[in-house]
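> Just so we're aligned: 162 in numbering that gives the first Met the number 0 is position 163 of the sequence shown, and the numbers increase by one with no gaps anywhere.
Beta carbons are placed, not taken as given, at the ideal position from N, Cα and C, and that holds for glycine.
First the structure, then my questions, so here it is.
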Amino acid sequence: MADTDGRTGSDMIETIHINDACSSDFFRLIRRLELSFPGALQIGRDGPSVNEAVRIKPEASFRFQPGAIAKIEESTDSKLPFVMTITFFGLYGRNGTLPWHYTSRIIHEVRPSLSDIRYSGGGLREFLDILNHRFTSFFYRAGIKYRWPLVYRQHGEDDVTGNLIAFTGLKTLHTRNKFCIPDVALLRYAGLFTIPNSASSLTSLLSDFLNTTVKISQFEGEWLEIDESDRNKIGRRKGTCCLGRSFTIGRRIYSRQHKFRIVIGPINYDQYTGLLPGQKKFRELTMLVRMRSGITLKSEYALKVDRQTVPHAALGRKSAGLGRNFFLLSHNKQGPVSCPVFKSETPTQHPEIMNLEGEQAQGRFEYV
């Protein structure tokens, strides 16, 4: 029996250090065997058991063992998995549930030196081991049911991870693994997703995600265009010409109701370039903000770069881009460098919110 990497059972025995099996944890050792052979069926499921990573049976002995596992060995039958002999559970053995004379009979069957004409050719142990393996498999499943490190499967496909992901609002089939950040990476922030959204909770989330200082400036102002049909005109009565309430002059108004600014930094130059529109980190950042703030609020991102980390611009270098990473520095000034503000308005204007590789941000730039 070999795993997906071509390792044989003998190689796995050496890797697991089977001589120390008596000091190994029963649940962790089985889990390790399952992970070593991803093509094998999970223990205690629908079977057949011959396709599982390990077959479990009790030790046919009355002696006391120092650990839960007596030994583990590769089966002599190439079609069968590993065979693990345990000491704490089963129908026969020192802690078996059947009367001891069943264990005594099995000992005479398996030990030639104790052979007895009365028990020769018996298949009692083989029959009981069919039940022992199934009973012990159920015991294993019950033991790991609420032990997350033992039941975790890749991409969060286990039940415990799925239930925790539900706190983030991504439990349904249509929302699982649809964003540029893996769902399991959001488990770290599941607690913040369960409380009402606020500037402080969003600040905590982004500060941890970016591993830097983050501040949120609320009620940022912006100019909003007034639709032609809603502008004030002489002779029109639509309830829009009340002085002090709905009367406006011009084609646009200034509003502070729908936008906030996220100030990030000071950060070094490498972190800054990683947060430019079109980069993976910027897509992840805008996705997190969109998930927490919703689609009714607009956000913009102001980056502060440590002046000491900004490289000198020179002709011929590809790193200098106007409006992005080109700076004119003064030796007399101190503190972080003023950088562009990157605006994020709607998902249609910013495909980097979704898991679309290679798309470029379409936000406008302005300087702080």
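Cβ of Trp222 versus every heavy atom of the ligand FMN: is any distance shorter than 6 Å?
Ligands in the displayed structure: none, and consequently the ligand FMN is not present.
> Should Asn131 go down as buried or exposed, given a rule of 16 or more other Cβ atoms within 10 Å for buried?
Buried, by the Cβ-count rule.
> Would you tell me roughly how many angstroms separate the C-alpha atoms of Glu356 and Phe325, rounded to the nearest one?
The predicted position of Glu356 is uncertain, since its pLDDT is 33 and thus under 50; a value taken from the coordinates is nonetheless stated next. Taking the straight line joining both Cα atoms gives about 25 Å.
> Could you check whether Pro265 and Lys214 sit closer than 7 Å to each other, using their CB atoms as the reference points?
Cβ distance not < 7 Å, so Lys214 and Pro265 don't count as in contact.
> Where in the region 254-312 do unbroken runs of the alpha helix (DSSP H), each at least 4 residues long, occur, reported from the N-terminal end onward?
Those alpha helix (DSSP H) runs which fall completely within the region 254-312 and span 4+ residues are 268-273 and 279-292.
> Kindly indicate which residue of Lys297, Thr308, Val82 and Gly315 has the alpha-carbon position closest to the one of Phe341.
Here the closest residue by C-alpha is Lys297.
> With DSSP as the reference, please indicate the residues paired to Ile370 in a beta bridge.
Here the chain comprises residues numbered 0 to 367, so residue 370 is not present and cannot be evaluated.
> Starting from the N-terminal side, write out each stretch of the beta strand (DSSP E) that is 3 residues or longer and does not extend beyond the region 129-217.
You should have 213-216.
> Give me the Cα-Cα distance between Thr99 and Gln64, rounded to the nearest whole angstrom.
Looking at the sequence itself, residue 99 is Trp, so the reference to Thr does not match. C-alpha separation (whole angstroms): 17 Å.
> Is the shortest distance between the beta-carbon of Glu72 and the beta-carbons of chain C less than 7 Å?
This model lacks chain C altogether; it includes just one protein chain.
> Starting from Arg30, follow the alpha helix (DSSP H) in both directions and report where the run begins and ends.
Phe25 to Ser35 is the extent of the alpha helix (DSSP H) around Arg30.
> Who pairs with Lys342 in a beta bridge, going by DSSP?
Paired residue(s): Glu299.
> Would a C-beta distance cut-off of 7 Å place Pro369 and Gly89 closer than the cut-off?
Given a span of 0 to 367 for the chain in the structure shown, any question on residue 369 remains unanswerable.
> Take Met353 and list the residues in its own chain whose beta-carbon comes closer than 6 Å to its own, dropping the five residues that flank it on each side.
Low per-residue confidence applies at Met353: pLDDT is 38, beneath 50, and the placement is therefore not dependable, though the value from the model is reported in the following sentence. Closer than 6 Å at Cβ, skipping near neighbours: no residue.
> On the criterion of 16 or more Cβ atoms from any shown chain inside 10 Å, does His173 qualify as buried, or is it exposed?
Exposed, because fewer than 16 other Cβ atoms sit within 10 Å of the Cβ of His173.
> Is the beta carbon of Glu33 less than 7 Å from the beta carbon of Ala52?
Cβ atoms of Glu33 and Ala52: closer than 7 Å.
> Have a look at Asn231 and Glu156 and give me their C-alpha separation to the nearest angstrom.
Whole-angstrom Cα-Cα distance: 58 Å.
> Is Leu205 closer than 7 Å to Leu191 when the C-beta atoms are compared?
For Leu191 and Leu205, no; Cβs fall outside 7 Å.
> Within the same chain, show all residues whose beta-carbon is closer than 7 Å to that of Ser22, passing over the 5 residues directly before and after it, in chain order.
The answer, listed in chain order, is Gly66.
> Please classify Cys241: is it buried, with 16 or more other beta-carbons within 10 angstroms of its beta-carbon, or exposed?
Classification of Cys241: exposed, given that the 10 Å Cβ count is below 16.
> Measure the Cβ-Cβ separation of Gly142 and Phe26 and say whether it is below 7 Å.
Going by C-beta atoms, Gly142 is nearer than 7 Å to Phe26.
> So is Gly301 buried or exposed if we call it buried at 16+ other beta carbons inside 10 Å?
According to the sequence shown, residue 301 is Ala rather than Gly. With 16 or more other Cβ atoms within 10 Å, it is buried.
> Could you give the distance in angstroms between the alpha-carbon of Gly46 and the alpha-carbon of Tyr139?
Each residue's Cα considered, the two are about 15 Å apart.
> Out of Asp76, Ile85, Arg54 and Arg250, which has the shortest C-alpha to C-alpha gap to Ile68?
Closest option to Ile68, Cα to Cα, is Ile85.
> If you follow the beta strand (DSSP E) that Val49 is part of, which residue opens it and which one closes it?
Counting along the chain, Val49 falls outside any beta strand (DSSP E), and DSSP gives it neither H nor E.
> For Ile105 versus Arg124, is the C-beta distance shorter than 7 Å?
It is a contact, given that the beta carbons lie within the stated cut-off.
> Determine the burial state of Leu284: buried for a count of at least 16 other Cβ atoms within 10 Å of its Cβ, exposed for fewer.
Flag for Leu284 reads buried.
> Residues in its own chain within less than 6 Å of Trp147 by CB, not counting five upstream and five downstream?
Counting only Cβ-Cβ distances below 6 Å, and skipping sequence neighbours, we find Val159.
> Can you tell me which of Arg306, Leu327 and Gln307 puts its alpha carbon nearest to the alpha carbon of Ala313?
Of Arg306, Leu327 and Gln307, the residue nearest in Cα terms is Leu327.
> Is the beta carbon of Gln217 closer than 7 Å to that of Phe259?
Result yes, Cβ atoms of Phe259 and Gln217 sit closer than 7 Å.
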